[in-house]
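Colleague: My questions all concern the structure below.
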Ligand code: GLU
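This is the structure in structure tokens:
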């Protein structure tokens, strides 16, 4: 996999949007935070396009992202990593985990998972445990399949995802799992992780031979990223990333979690909720300067 990126000695930051829509204000905050912190810490600033989802990501959105970032006045290094061109790197990481019995194929449909969760709740009379995003933890049906049965079904072409066996993964990762948070004032503090709260996460999807969690970890290492600046909405998921880094023998970067922008109803801005895009705001006459000022970067 060539996991030794050139070491410039400088901190390396990255902004990593997914081109499944145009950028909105939340992305602008994230990109500007990365830009400001990279400048402050004398670091390099990379752009990565997280386009593993070939059905939802579109080339015109990539062009739109470039246009929006240029308008915002953020200068990235010219070499842009497109995840869709690196599926082989993610396959290599999956093969590594598979050889150590840390992932397993799961053939469950969403409906089957829902039914298993409902049945579990009916038996125990208590709500099924949920992950930090509110989704029920995978009940584990396919974790207990006989390996030869699972292999036969995979060989027969049955649709499946690959899940991390979280309990085994945590055991294999060993003790003292954690990471360090850095703040703009230069202070740092250590965080211990609790990845078990995510259960057996999906590392390769049915339609995509990887996942956000796996690709982000592999790429941060391949690109030599030392400082990850991301929204607080990804703080809990960082626990999964730290486990994967340890299992794959990759360095754990420093992390900083920036605030989130909320809409009038107090919900996180998101493409799915039709937040106004930067392109729309620009067309409506907003200047990059007033946007930067509005977000606190001037
Ligand atoms: N691609 C992710 C997103 O757009 C962010 C990547 C990260 O910071 O890990 O939400």
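Residue numbers (our numbering): 1 to 298. Don't be surprised by glycine CBs; every beta carbon is placed ideally from N, CA and C.
The ligand GLU heavy atoms versus the CB of residue 236: any closer than 7 angstroms?
Modeller: Flag unset: Cβ of residue 236 not near the ligand GLU.
Colleague: Can we count residue 230 as close to the ligand GLU, meaning its CB is less than 7 angstroms from some heavy atom?
Modeller: Checking the Cβ of residue 230 against the ligand GLU gives yes.
Colleague: Roughly how far, in whole angstroms, is the beta-carbon of residue 78 from the beta-carbon of residue 44, given that I think they are within contact range, below 8 angstroms?
Modeller: Incorrect: roughly 12 angstroms between the Cβ atoms, too far for contact.
Colleague: Quick one: grab the DSSP three-state call for residue 284.
Modeller: Coil.
Colleague: Give a single yes or no on whether residue 50 has its beta carbon closer than 7 angstroms to a heavy atom of the ligand GLU.
Modeller: Under cutoff, so the answer is yes.
Colleague: Could you tell me which whole beta strand (DSSP E) segments of length 3 or greater appear in the segment 237-271?
Modeller: Qualifying beta strand (DSSP E) stretches, in chain order: 254-258.
Colleague: Pick out whichever of 152, 148, 246 and 228 has its Cα sitting closest to the Cα of residue 193.
Modeller: The shortest C-alpha separation from residue 193 is found at 246.
Colleague: Can the beta-carbon of residue 210 be found closer than 8 angstroms to that of residue 52?
Modeller: Yes.
Colleague: Answer yes or no: the CB of residue 202 versus the heavy atoms of the ligand GLU, is any distance below 7 angstroms?
Modeller: No.
Colleague: Alpha carbon to alpha carbon, how far is residue 37 from residue 230? Give it in angstroms, no decimals.
Modeller: Looking at the two C-alpha atoms, the distance is approximately 12 angstroms.
Colleague: Taking only the alpha-carbon atoms, compute the straight-line gap between residue 159 and residue 263 and give it to the nearest angstrom.
Modeller: For residue 159 and residue 263, the distance between alpha carbons rounds to 38 angstroms.
Colleague: Hey, is the segment 242-260 in contact with the segment 167-183, meaning 3+ C-beta pairs nearer than 8 angstroms?
Modeller: Counting Cβ pairs under 8 angstroms, three or more are found: they touch.
Colleague: Roughly how many angstroms separate the alpha carbons of residue 235 and residue 129, rounded to a whole number?
Modeller: Computed Cα separation, rounded: 19 angstroms.
Colleague: With C-beta atoms as the reference, is residue 163 less than 8 angstroms away from residue 104?
Modeller: Their beta carbons are under 8 angstroms apart, which means residue 163 touches residue 104 by this criterion.
Colleague: Does the distance from the CB of residue 257 to the CB of residue 32 come in under 8 angstroms?
Modeller: In this structure, residue 32 does not lie closer than 8 angstroms to residue 257 by Cβ.
Colleague: Report yes if the CB atom of residue 213 is closer than 8 angstroms to the CB atom of residue 228, and no otherwise.
Modeller: No. Outside cutoff.
Colleague: Taking Cβ to Cβ, would you say residue 139 is nearer than 8 angstroms to residue 117?
Modeller: Yes, Cβ-Cβ distance for residue 139 and residue 117 is below 8 angstroms.
Colleague: Pick out the complete alpha helix (DSSP H) segments inside the segment 67-126, 4 residues or longer, and give them in chain order.
Modeller: The qualifying runs are 87-99 and 110-124.
Colleague: Is the number of C-beta pairs between the segment 88-97 and the segment 62-74 that are closer than 8 angstroms three or more?
Modeller: The segment 88-97 vs the segment 62-74: no contact.
Colleague: Taking just the CA atoms, how far does residue 56 sit from residue 280?
Modeller: Going by the C-alpha atoms only, they are around 21 angstroms apart.
Colleague: In this structure, does DSSP put residue 208 in helix, strand or coil?
Modeller: Looking at residue 208 - three-state DSSP - the assignment turns out to be coil, as it is neither helix nor strand.
Colleague: Suppose contacts are defined by Cβ-Cβ distances below 8 angstroms. Is residue 12 in contact with residue 226 by that definition?
Modeller: Taking 8 angstroms as the Cβ cut-off, residue 12 and residue 226 qualify as a contacting pair.
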